[in-house]
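Numbering (mature numbering (1 follows the signal peptide of the UniProt record, and there is no 0)), first residue to last: -22 to -1, 1 to 905.
Structure below.
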């Protein structure tokens, strides 16, 4: 017995010792923490390619043989593409970060900076090839062995457009050579290559080694263009077309047999284009007068990508009104008028129009050319401008839509509605399907369409041949709309999973289950997941094959998520029968979307939890055996982390809620820990989410704070219409009090609030209602709903009215009808009641919440001699940009310093004690 006790004591000592060896996460650790990004699997399922990138610094491209487990790493590799035949990987290679820092610090010209290199990794041999001065690369999407890339080499001035054996040329022998950009077509396996000068544009066919290039030569007055087609299999090239003018939008069909492009012979800045199509070497122009339904004065447009249908029988292009040269005036700037005219008749506000100027100027309308019939037809037009094609362009019918009637009212209605039309892509004829709805789904066989009617919350089917419409969910007692919607707005439907072959059934989601519904109405609906609602378990279809048109209902892969306990899993289900799916994975975790190889049964997926790094797992379609093929999780061994629990309590209105409590690793229940409560609507479903240690864009990091001995509490929030501030208070404060009562290790004297945007508003409101919190941080808070109501969301150009009346702000009426509610919910009008020290972040380029909202609250509290600070990051949007690493680290430091002072009693930093003057901005951080 003595020996057992001694061994137990020794084990406890070792455990404490191992825990003690771990370090708390610091801001500096954000730079070195690595994340797995941009995962790709080869089509044969044998290779995984991903980037393993630190927060700041040089990353690594990792190539793993999934059969042997052998791993190769390429320093600074990124943006990889695996060849369609799974024979090589092409990628870019950055210059080392020290060089990039030096270039930026010394303000080197862009043309003088080191360009990315091209890297090619041969999968069979493991050999890496590198080529400097790379300006981008392309390769066939499927089934090709070649790639093409642009690079800078020395080429003799009088060299022809085609440069043989460019890769092995000895530039030193070219005494009269100069730097020139060439395009190299290259087979990394055979090392065969050919290079072309003067390349303006180039494209590969999707599934063949066929390359189409447009070459451009200019003299003092004219531009001459040549179209060349290169066949990698025969290594021959042909001149397809040559003409004075500029070629754009060169395009090949899937097999590389048919082509299309645009040509303009205009010598002015404003150019109009002709459309050319061809097969092999036979190229001809498409006369605009032969395009059926083309409006007068319209021409093919350079602003729409040209593409082919999957069967190559049709080619799609854009048209628009011919562009004209506007006469330029000779006025001085002082003589010109410069103004915007805001008219009550505008369908869009001027700020939105200005944001969309480029898009609207370049607006095009879809047209189609039929190779077999040698005809063309206009499909879209100004009445029905938006066209949704089906079956990769092979389908007879498209769906057209227009929101013109509803645009003006969206500023206050929050109803983003369309009128939908059935469009015959062979004739251009349009028939109205439905009006004033959000969406319509068309079956792949094009026998039926279905839509959710927002007016009566019922799904309807439409027989495409007869146009007959009928309800198909009206006899089902469950709701097919968002049951948790608590905004004064129409709840959205859960949507559809897909269709059975031949459009025999459509599979529609409710909150939990999947329903098999006959669009003809002849057969009764079936709940084919049966017990989702009973078990509060959500089932959703996972599409493994990205090219599939129909669901295979006999063996459909589903995601499984339990709303109550947050467990997740995968299950196979027979969607023809009413059965409860049997989950073959079901655990306390979060599962990523599986990634299946195109030509094998190899499947990759991720499994994560708060303390489980989302490493990549390999399996097959049975999911019986999973093997971890990455090891990012080893990083956790170095750090104190934490753990999370799922909590329940009842708010002040008697509603039972869920929330998440994050506590430090190795928590001592006899000690007191400060608590920070972060919140944003409902977040309890993120219970099993893994958080990497990264610097803040606006909110606290949920591993950084527990690692530094803070407790973090994240409560769910439910709302009552007209009282968003009070609703937040009722849920958040009741939750904090419940945690304080439940856990003795929470220091009730040292608790804080932190929220961003809508959470920032809740924070600002709550500190006007209670002095319970020792500190609060509010990011981008709305402080005055009366002034915010009529403002503009500069990021979209929309009026903010819709948000206050119908969406997140939840007031439920206009400012003039519900004035008292706008005042009641505005923290500004209760500023004298604030006793809590408040830190705000509100950036000067915020396009979501106007900067002046933060300023209004700040100047009010400042005048009242309340302790308040506002961090305003220059030229930053609502949340700090992801690439603004320095700003993000700075925010992380200042926010932690603020909380450390008020919750842990640490010395306040200089910037809190005396601010920082504008004069000191460039050299004194004030930390």
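Note that beta-carbon positions come from the ideal geometry of N, C-alpha and C, so glycine has one too.
Fair warning: this is a prediction, and the values are worked out from it, not measured in the lab.
| task | Reducing DSSP to helix, strand and coil, say where residue 879 ends up. | result | The residue given as residue 879 occupies position 901 in the chain shown. Note: residue 879 maps to helix in three-state DSSP.
| For residue 695, which three-state DSSP category applies? | Here residue 695 corresponds to residue number 717 of the chain shown, with the count starting at 1. Three-state DSSP puts residue 695 in coil, outside helix and strand.
| Considering only the beta carbon of each residue, do residue 678 and residue 740 sit closer than 9 angstroms? | One-based indexing of the chain shown puts residue 678 at position 700. One-based indexing of the chain shown puts residue 740 at position 762. Taking 9 angstroms as the Cβ cut-off, residue 678 and residue 740 do not qualify as a contacting pair.
| From 250, 345 and 882, pick the residue whose C-alpha is nearest to that of residue 268; which is it? | For the purposes of this step, residue 268 is identified with residue 290 of the chain shown, where counting begins at 1. For the residues 250, 345 and 882, the minimum Cα distance to residue 268 belongs to 345.
| Are the CB atoms of residue 233 and residue 192 nearer to each other than 9 angstroms? | For the purposes of this step, residue 233 is identified with residue 255 of the chain shown, where counting begins at 1. For the purposes of this step, residue 192 is identified with residue 214 of the chain shown, where counting begins at 1. No, Cβ-Cβ distance for residue 233 and residue 192 is not below 9 angstroms.
| task | Measure how close the beta-carbons of residue 116 and residue 56 come, nearest whole angstrom, since I'm counting them as under 8 angstroms. | result | Stepping through the chain shown from its first residue, residue 116 is reached at position 138. Stepping through the chain shown from its first residue, residue 56 is reached at position 78. Contact flag wrong, Cβ pair sits at about 16 angstroms.
| said: Just list the residues that DSSP pairs residue 818 with in beta bridges. | reply: In the chain shown, the residue the question calls residue 818 occupies position 840. In DSSP, residue 818 forms a bridge with 756 and 848.
| To the nearest whole angstrom, what separates the beta carbons of residue 732 and residue 654, a pair I think is in contact under 8 angstroms? | To locate residue 732, count along the chain shown from 1; it is residue 754. To locate residue 654, count along the chain shown from 1; it is residue 676. Yes, residue 732 and residue 654 are in contact; Cβ-Cβ is about 5 angstroms, under 8 angstroms.
| task | Report yes if the C-beta distance between residue 742 and residue 835 is below 9 angstroms; otherwise report no. | result | Here the question's residue 742 lines up with position 764 in the chain shown. Here the question's residue 835 lines up with position 857 in the chain shown. Result yes, Cβ atoms of residue 742 and residue 835 sit closer than 9 angstroms.
| said: Within a Cβ cutoff of 6 angstroms, which residues of the same chain sit near residue 876, ignoring the five residues on either side of it in sequence? | reply: Along the chain shown, read from residue 1 onward, the residue named residue 876 stands at position 898. For residue 876, where only same-chain residues beyond five positions count, the Cβ hits under 6 angstroms are 817.
| message | Measuring only the C-alpha atoms, how far is residue 828 from residue 772? | response | Against the chain shown, residue 828 aligns to sequence position 850. Against the chain shown, residue 772 aligns to sequence position 794. Their Cα atoms are separated by approximately 8 angstroms.
| query | So what's residue 579 in DSSP terms, helix, strand or just coil? | reply | Start at 1 with the first residue of the chain shown, and residue 579 comes out as number 601. The answer is coil: DSSP assigns residue 579 none of H, G, I, E or B.
| To the nearest angstrom, how far is it from the Cα of residue 92 to the Cα of residue 111? | Along the chain shown, read from residue 1 onward, the residue named residue 92 stands at position 114. Along the chain shown, read from residue 1 onward, the residue named residue 111 stands at position 133. So the alpha carbons of these two residues sit roughly 7 angstroms apart.
| request: Grab me the residues of residue -13's own chain with a C-beta within less than 6 angstroms of its C-beta, minus the 5 sequence neighbours each way, in chain order. | output: To locate residue -13, count along the chain shown from 1; it is residue 10. Any reading at residue -13 is ruled out, since the residue's pLDDT is 36, under 50, leaving its predicted position unreliable.
| request: Evaluate the contact criterion for the segment 42 to 49 versus the segment 57 to 71: three or more CB pairs, one atom per stretch, below 8 angstroms. | output: no
| field | residue 14 versus residue 612: straight-line alpha-carbon distance, rounded | value | In the chain shown, counting from the first residue as 1, residue 14 sits at position 36. In the chain shown, counting from the first residue as 1, residue 612 sits at position 634. Residue 14 and residue 612: Cα-Cα distance of roughly 13 angstroms.
| task | Can you give me the start and stop residues for the beta strand (DSSP E) that residue 207 sits inside? | result | On the chain shown, position 229 is the one that residue 207 refers to. From DSSP, the beta strand (DSSP E) with residue 207 extends over 201 to 209.
| field | Whole-angstrom distance between residue 573 and residue 406, CA atom to CA atom | value | Here residue 406 is taken as the residue at index 428 of the chain shown, counted from 1. Here residue 573 is taken as the residue at index 595 of the chain shown, counted from 1. Their backbone Cα atoms lie some 38 angstroms apart in a straight line.
| message | With distance defined between alpha-carbon atoms, name the residue in 177, 125 and 332 nearest to residue 317. | response | Here residue 317 refers to the residue found at position 339 of the chain shown. Closest by alpha carbon: 332.
| said: Taking the straight line between their C-alpha atoms, what separation do you get for residue 283 and residue 227? | reply: In the chain shown, the residue the question calls residue 283 occupies position 305. In the chain shown, the residue the question calls residue 227 occupies position 249. Answer to the nearest angstrom: the Cα atoms are 7 angstroms apart.
| said: Given this structure, state the Cα-to-Cα distance separating residue 607 from residue 26, to the nearest angstrom. | reply: Here residue 607 is taken as the residue at index 629 of the chain shown, counted from 1. Here residue 26 is taken as the residue at index 48 of the chain shown, counted from 1. Each residue's Cα considered, the two are about 9 angstroms apart.
| task | Give a yes or no on whether the C-beta atoms belonging to residue 8 and residue 672 are separated by under 9 angstroms. | result | In the chain shown, the residue the question calls residue 8 occupies position 30. In the chain shown, the residue the question calls residue 672 occupies position 694. Against a cut-off of 9 angstroms, the Cβ pair of residue 672 and residue 8 comes out as a contact.
| field | residue 494 vs residue 554 beta-carbon contact at 9 angstroms | value | The count along the chain shown starts at 1 and reaches residue 494 at position 516. The count along the chain shown starts at 1 and reaches residue 554 at position 576. Result yes, Cβ atoms of residue 494 and residue 554 sit closer than 9 angstroms.
| Is the beta carbon of residue 665 sitting closer than 9 angstroms to the one on residue 714? | On the chain shown, position 687 is the one that residue 665 refers to. On the chain shown, position 736 is the one that residue 714 refers to. No, these two residues do not count as a Cβ contact at 9 angstroms.
| query | Rounded to whole angstroms, how far is the Cβ of residue 629 from the Cβ of residue 635, which I believe are closer than 8 angstroms? | reply | Position 651 of the chain shown, counting from 1, holds the residue named residue 629. Position 657 of the chain shown, counting from 1, holds the residue named residue 635. Confirmed, Cβ separation roughly 6 angstroms.
| query | Taking C-alpha atoms, which residue in 767, 39, 523 and 815 lies nearest to residue 847? | reply | Locating residue 847 in the chain shown gives position 869, where the first residue counts as 1. Checked all of 767, 39, 523 and 815; the closest Cα to residue 847 is 815.
| Beta-carbon separation of residue 756 and residue 734 under 9 angstroms? | In the chain shown, counting from the first residue as 1, residue 756 sits at position 778. In the chain shown, counting from the first residue as 1, residue 734 sits at position 756. Yes.
| What are the boundary residues of the beta strand (DSSP E) that residue 563 is part of? | Residue numbering aside, residue 563 sits at position 585 when the chain shown is read from its first letter. Unbroken beta strand (DSSP E) run through residue 563: 560 to 565.
| residue 129, buried or exposed, once every other Cβ within 10 Å from all chains shown has been counted against 16 | Walking along the chain shown from the start, residue 129 turns up at place 151. Label assigned to residue 129: buried.
| Counterpart residues of residue 641 in DSSP-defined beta bridges | For the purposes of this step, residue 641 is identified with residue 663 of the chain shown, where counting begins at 1. In the DSSP output, where bridge partners are listed per residue, residue 641 has 621.
| query | With a CB to CB cut of under 7 angstroms and the five nearest residues on each side skipped, what residues in its chain are close to residue 892? | reply | One-based indexing of the chain shown puts residue 892 at position 914. Same-chain partners within the cutoff: there are none.
| query | In this structure, what does DSSP give as the bridge partners for residue 130? | reply | For the purposes of this step, residue 130 is taken as residue 152 along the chain shown, with counting starting at 1. Paired residues: 159.
| request: Compare the beta carbon distance of residue 299 and residue 242 with 9 angstroms and say whether it is the shorter of the two. | output: Taking the first residue of the chain shown as 1, we reach residue 299 at position 321. Taking the first residue of the chain shown as 1, we reach residue 242 at position 264. No, the Cβ-Cβ distance between residue 299 and residue 242 is not below 9 angstroms.
| So does the segment 557 to 570 actually touch the segment 585 to 603, counting three or more Cβ pairs closer than 8 angstroms? | yes
| message | Considering only their Cβ atoms, is the gap separating residue 1 from residue 687 smaller than 9 angstroms? | response | Residue 687 sits at position 709 when you count from the first residue of the chain shown. Residue 1 sits at position 23 when you count from the first residue of the chain shown. Not in contact: residue 687 and residue 1 (Cβ atoms no closer than 9 angstroms).
| query | Which runs of the beta strand (DSSP E) spanning at least 3 residues fall entirely within the segment 651 to 739, listed in chain order? | reply | 651 to 656, 689 to 693 and 724 to 734
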